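Visitor: Residues 1 to 496 (full-length UniProt numbering) are what the sequence shown spells out, left to right.
Encoded as structure tokens, here's the structure I'll be asking about.
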Amino acid sequence: MEMNSLDRKQIGDAEAQAIAEGLKVNTTVHTLGLYDNQIGDAGAIAIAGAFAANPKLQKLSLYDNRIGDAGARAIAEAIKGSCVWELNLQKNQIGDAGAQAIAETLDENSRLMTLTLWKNRIGDVGATAIAEALKENTTLCSLKLGENQIGDAGAQAIGEALKVNSDLTRLNLQQNQIGHAGAQAIGEALKVNTCLSKLTLYGNRIGDAGAQAIAEALKVNSSIQELDLSSTQIGDAGALALAERMVHSELAELDLGYNRIGDVGAQAIAKAIKDGATLTGLYLSHNCIGDAAVDLITEAQEIEDMPPYLTVDPQINPLAFSLLPRLATADDLQTVLCLLTSGPELQDQLAVLPALPTEIAELIMDEASYWQGVQPTKPRSLGGSYPDPRLEVTMPRSIAESSIRVKAIQLLRDWETRTNNIGDNVFDLTVRDEQGAVQYECAVQPTFVDSNLALATIWPASTPILRQMREGWQVQVRPSKAAHKVCHESLYVGYV
């Protein structure tokens, strides 16, 4: 018996407790779906309590509720030794403690095959716990940890697990905080892993160095068939490395969309297609490839009759990438702040910098264009039909594990055909707190930096609400009223 009709019913803890009582009596339910409700820890604990009386339950989905660590811990404990093989806790409020409890379950549950923890609050500690469990687990086939707060340390732990795990076939780490060091660790793992067939890293900051590490792994890896590296800040150097491997790897689908690949990288990819790359899907839209290089790729595809699924349009105005903020490490920022506030002697000069009051120094830091981290959306083409076309960013915890501080919000819109209607040009911005309550709304008027590229940057000095933003707060932007004329939009939130 399936109970999937309880989705989107505004079910809270009280109703969940009633459902749990029913499950203790009805022991025929094998699938329970409570997607998009308002169930918190109390409701999750009640449902977990019904597991012992319902041994036939195989699939449990509590996607998009309000479950935190306590609820996750109860569910994890309940499914130990159970028949549950699919668990979906996506889009809840589970942190490292909850992830650690679930990791313990992976050690003891011999049936769980699919685990979805997308869009929670799991950081490196939780990811490391799950990685340790993967070293011993022999049943999990699919693991989705996208849209959490996993950085290089968590990715490195997962990489170590992949070196010894021989059962996981699908791994999704999209939109975390993984840089080139994390990607390099995963690349090293792929050199010896023989079972992972799909890897998704889109929305991380792996850059050319990370792409080169993964490309190097593809020299010897024969299991990866689907690789998503879209929106990972890859440029020509990374594209060159990947193009070299396309011909000799088992890759079937490669997504390099929403990156910074130019003509040089595109020409290398065109050559790889001509040389016999066996891809069935190649996605290159929203890079900065010129018309001539686009033609080379499409001509190569027509000659070789592959890949049958090829996307190269539209491309992004190259100027957009030059407008992105510069990143600095936490140590870099602290050094600059100390220079401003301590007044050290200048090297080879007699003059001394005056020490500034902290509030003045912080104001200067706010106005500087260096950010420790950027939490971006994947720039989205708005030409099609989307059920929810908003751009949305949820603030992670700080990379330095301290209280987060938002430095700026940057909005970009690349028009295919610019509209003269002022109302169409504005960015409709909404800021929500961790409970979803609206804290700020405004219509932001952008500046056109060239004929079709609109830019708006919002600073704390002019918009004080930015100083109040913390982990879990969201920034949302509704699409233009003339969305059919927009090539793409992007939203970046910079923080320290």
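Don't be surprised by glycine CBs; every beta carbon is placed ideally from N, CA and C.
The structure displayed is predicted, hence computed values, not measured ones.
Going by beta carbon distance, what residues of the same chain come within less than 6 Å of Lys219, once the five residues before and after it are set aside?
Guide: Around Lys219: no qualifying Cβ.
Visitor: Helix, strand or coil: which one does DSSP assign to Glu136?
Guide: Coil at Glu136, not helix or strand.
Visitor: Under 6 Å Cβ to Cβ from Gly210, same chain only, skipping five residues before and after it: list those, please.
Guide: Contacts found: His180, Ala183.
Visitor: Is the beta carbon of Pro307 closer than 7 Å to that of Gly265?
Guide: No. Outside cutoff.
Visitor: Note the first and the last residue of the continuous alpha helix (DSSP H) segment covering His488.
Guide: Careful: His488 lies outside any alpha helix (DSSP H), inside the beta strand (DSSP E) at 486-495.
Visitor: Answer yes if the stretch 101-108 comes into contact with the stretch 163-174, meaning at least three C-beta pairs across the two stretches below 8 Å, and no otherwise.
Guide: The stretch 163-174 vs the stretch 101-108: no contact.
Visitor: Within 10 Å of its beta-carbon, does Asn204 have 16 or more other beta-carbons around it, so buried, or fewer, so exposed?
Guide: Classification for Asn204: buried.
Visitor: For Leu87, which of helix, strand or coil comes out of DSSP?
Guide: In this structure, Leu87 counts as strand in the three-state DSSP scheme.
Visitor: Are there 16 or more other CB atoms within 10 angstroms of the CB of Ala101, so buried, or fewer, so exposed?
Guide: Ala101 should be labelled buried.
Visitor: Using DSSP with H/G/I as helix, E/B as strand and the rest coil, what is Gln156?
Guide: Here Gln156 sits in helix by DSSP.
Visitor: Assuming Gln93 and Arg66 form a contact by the criterion Cβ under 8 Å, report the distance between their Cβ atoms to the nearest whole angstrom.
Guide: About 6 Å; that satisfies the 8 Å criterion.
Visitor: State the Cα-Cα distance for the pair Gly423 and Lys481, rounded to the nearest angstrom.
Guide: Gly423 and Lys481: Cα-Cα distance of roughly 8 Å.
Visitor: Where in the stretch 250-277 do unbroken runs of the beta strand (DSSP E), each at least 3 residues long, occur, reported from the N-terminal end onward?
Guide: Listed in chain order, the complete beta strand (DSSP E) runs (minimum 3 residues) inside the stretch 250-277 are 253-255.
Visitor: For the candidate residues Tyr440, Glu434, Gln38, whose alpha-carbon lies nearest to that of Met395?
Guide: Out of Tyr440, Glu434, Gln38, Glu434 has the C-alpha closest to the C-alpha of Met395.
Visitor: For Trp459, count the other beta carbons within 10 Å of its own beta carbon; 16 or more makes it buried, fewer makes it exposed. Which is it?
Guide: When all chains shown are included, Trp459 counts as exposed.
Visitor: Consult DSSP for Leu240 and reduce its assignment to one of helix, strand or coil.
Guide: Looking at Leu240 - three-state DSSP - the assignment turns out to be helix.
Visitor: Tell me, which residues are paired with Asp428 by DSSP?
Guide: Answer is Ala443, Arg478.
Visitor: Could you tell me if the beta carbon of Val426 falls within a distance shorter than 6 Å of some heavy atom in the ligand MN?
Guide: No copy of the ligand MN occurs in the structure displayed, which carries no ligand at all.
Visitor: Is it right to say His484 is buried, meaning 16 or more other beta carbons lie within 10 angstroms of its own, or is it exposed?
Guide: Its Cβ having fewer than 16 others within 10 Å, His484 is exposed.
Visitor: Please work out which residues of its chain come closer than 6 Å, Cβ to Cβ, to Ala14, disregarding the five sequence neighbours upstream and downstream, and give them in chain order.
Guide: Excluding sequence neighbours, Ala14 sits near nothing in its chain.
Visitor: Beta-carbon separation of Asp69 and Gly95 under 7 Å?
Guide: Yes, these two residues count as a Cβ contact at 7 Å.
Visitor: Contact defined as beta carbons within less than 8 Å: I believe Val431 pairs with Val475. What is the distance between those atoms, to the nearest angstrom?
Guide: Val431 to Val475, Cβ: 6 Å. Contact.
Visitor: Have a look at Ala443 and Leu284 and give me their C-alpha separation to the nearest angstrom.
Guide: One C-alpha to the other measures close to 32 Å.
Visitor: In the stretch 6-41, which residue ranges form an unbroken beta strand (DSSP E) of at least 3 residues, counting only runs that do not cross its ends?
Guide: Counting only runs of 3 or more, we get 31-33.
Visitor: Which residue's Cα is closest to the Cα of Leu201: Leu171, Thr298, Ala46?
Guide: Cα-wise, what sits closest to Leu201 is Leu171.
Visitor: Terminal residues of the continuous alpha helix (DSSP H) containing Ala72?
Guide: Note, Ala72: alpha helix (DSSP H), 69-78.
Visitor: Which partner residues does Asn172 have in the DSSP bridge list?
Guide: In the DSSP output, where bridge partners are listed per residue, Asn172 has Lys144, Thr200.
Visitor: What does a CB cutoff of less than 8 Å around Lys56 pick up in its chain, not counting 5 residues either side in sequence?
Guide: Excluding sequence neighbours, Lys56 sits near Thr27, Thr28, Val29, His30, Cys83.
Visitor: Starting from Glu304 and walking both ways along the alpha helix (DSSP H), at which residues does that stretch end?
Guide: Counting along the chain, the alpha helix (DSSP H) containing Glu304 begins and ends at 291-304.
Visitor: Throw me the rounded Cβ distance for the Gly49 and Ala76 pair, which I believe falls under 8 Å.
Guide: With a Cβ gap of about 13 Å, Gly49 and Ala76 do not count as contacting.
Visitor: State the DSSP-derived secondary structure class of Val438, mapped to helix, strand or coil.
Guide: Residue state, collapsed to three classes: strand.
Visitor: Need the endpoints of the beta strand (DSSP E) that Ser61 sits in, please.
Guide: From DSSP, the beta strand (DSSP E) with Ser61 extends over 59-61.
Visitor: Rounded to whole angstroms, what is the Cα-Cα separation between Thr417 and Ala189?
Guide: Going by the C-alpha atoms only, they are around 46 Å apart.
Visitor: Excluding the 5 residues preceding and the 5 following Gln10 in the sequence, name in chain order all residues of the same chain whose CB lies nearer than 7 Å to its CB.
Guide: Excluding residues within five positions, the ones whose Cβ falls inside 7 Å are Asn37, Gln38.
Visitor: Beta-carbon within less than 6 Å of Pro318's beta-carbon, same chain only, minus the 5 sequence neighbours each way: which residues are those?
Guide: Cβ within range, chain order: Cys288.
Visitor: Just to confirm, are Gly207 and Gln175 a CB contact at a threshold of 7 Å?
Guide: Going by C-beta atoms, Gly207 is not nearer than 7 Å to Gln175.
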